[in-house]
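Visitor: In case it helps, full-length UniProt numbering puts the sequence shown at residues 1 to 121.
Dropping a structure here in structure tokens format, bear with me for questions.
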Amino acid sequence: MKYIMKEFLLIIKTDGCVWTDLSPEELQAHMEHGGAYIGELMKDGVIKAANPVEKTGSRVVTGSNDTLKDGPFNESKELVAGFFHINAKDMDQAVAIAKKNPIFNDIRTTIEVHPLMPIGG
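The following block contains the structure:
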């Protein structure tokens with residue numbers, strides 16, 4: 001049975017502990033586990049894109065004025081550490097894909113799973 005695939009955005013958030021806080025050995029293990037996970041997603045044809053986000057250098061832009069602020073801000077308890085853009089048949093499958101992410105073994109993190117709205121065109 002062929003499923004119509006939907007797109008999902010998996011947003012990885014941490015409490016500030018990211019891979020740059022890992023020892024060289026921990027980082028190497030994390031990269032190997034992450035590479036295997038991404039390889040599996042590629043083999044299954046579900047991954048569209050994935051990237052970590054740099055720990056510093058973010059900017060917050062508002063459309064209401066010309067203000068550009070450095071970020072993230074201290075009042076935030078969580079930082080966006082990266083994202084995955086995936087295809088899945090439904091939310092349950094997208095959540096299952098997120099739960100398999102080995103990042104949970106390496107750093108304190110949560111993954112938000114967001115369905116993306118299709119755009120015609």
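Using N, Cα and C, we set each Cβ at its ideal position, and we do this for glycine too.
#1: Strictly by DSSP, which residues pair up with His85?
#2: Just the C-alpha distance for Pro16 and Gly34, rounded to the nearest angstrom, thanks.
#3: Compare the C-alpha of Glu25 against each of Asn87, Ala36, Met5, Asp106 and name the closest.
#4: Closest to Asp21 by C-alpha separation, out of Glu112, Phe84, Val61, Lys55, would be which residue?
#5: Quick check on DSSP: helix, strand or coil for Leu22?
#6: Looking only at C-alpha atoms, which of Val113, Pro102, Ala81 sits nearest to Asp90?
#7: Could you please give the first and the last residue of the uninterrupted alpha helix (DSSP H) stretch that includes Ile103?
#8: Please report the Cβ distance between Ala81 and Ile4, rounded to the nearest whole angstrom; I am assuming they are in contact, meaning their Cβ atoms lie under 8 Å.
#9: Could you check which residue in Ala36, Leu116, Thr109 has the C-alpha nearest to that of Glu78?
#10: What are the partner residues of Leu79, as DSSP defines its beta bridges?
Guide: By the coordinates alone:
#1: The residue you call residue 85 lines up with position 85 of the sequence shown. His85 pairs with Leu9, Ala49.
#2: Here residue 16 corresponds to residue number 16 of the sequence shown, with the count starting at 1. Here residue 34 corresponds to residue number 34 of the sequence shown, with the count starting at 1. Sequence check: residue 16 is Gly here, not Pro. If I take the Cα positions, the gap works out to 19 Å.
#3: Position 25 of the sequence shown, counting from 1, holds the residue named residue 25. Looking at the Cα atoms, Asp106 is the closest of the given residues.
#4: By one-based count along the sequence shown, residue 21 stands at place 21. Taking only the C-alpha atoms, the option nearest Asp21 is Lys55.
#5: Taking the sequence shown and counting its residues from 1, the one referred to as residue 22 is at position 22. DSSP places Leu22 in coil when its eight states are reduced to three.
#6: Your numbering for residue 90 matches position 90 in the sequence shown. When only C-alpha atoms are compared, the closest one is Val113.
#7: Position 103 of the sequence shown holds residue 103. It spans 103-106 - the alpha helix (DSSP H) in which Ile103 sits, taken as one unbroken run.
#8: Looking up residue 81 in the sequence shown gives position 81. Looking up residue 4 in the sequence shown gives position 4. Actually they do not touch by this definition, with Cβ atoms about 30 Å apart.
#9: Within the sequence shown, the letter at position 78 stands for residue 78. Ranking Ala36, Leu116, Thr109 by Cα distance to Glu78 puts Thr109 first.
#10: For the purposes of this step, residue 79 is identified with residue 79 of the sequence shown, where counting begins at 1. Beta-bridge pairing links Leu79 to Thr14.
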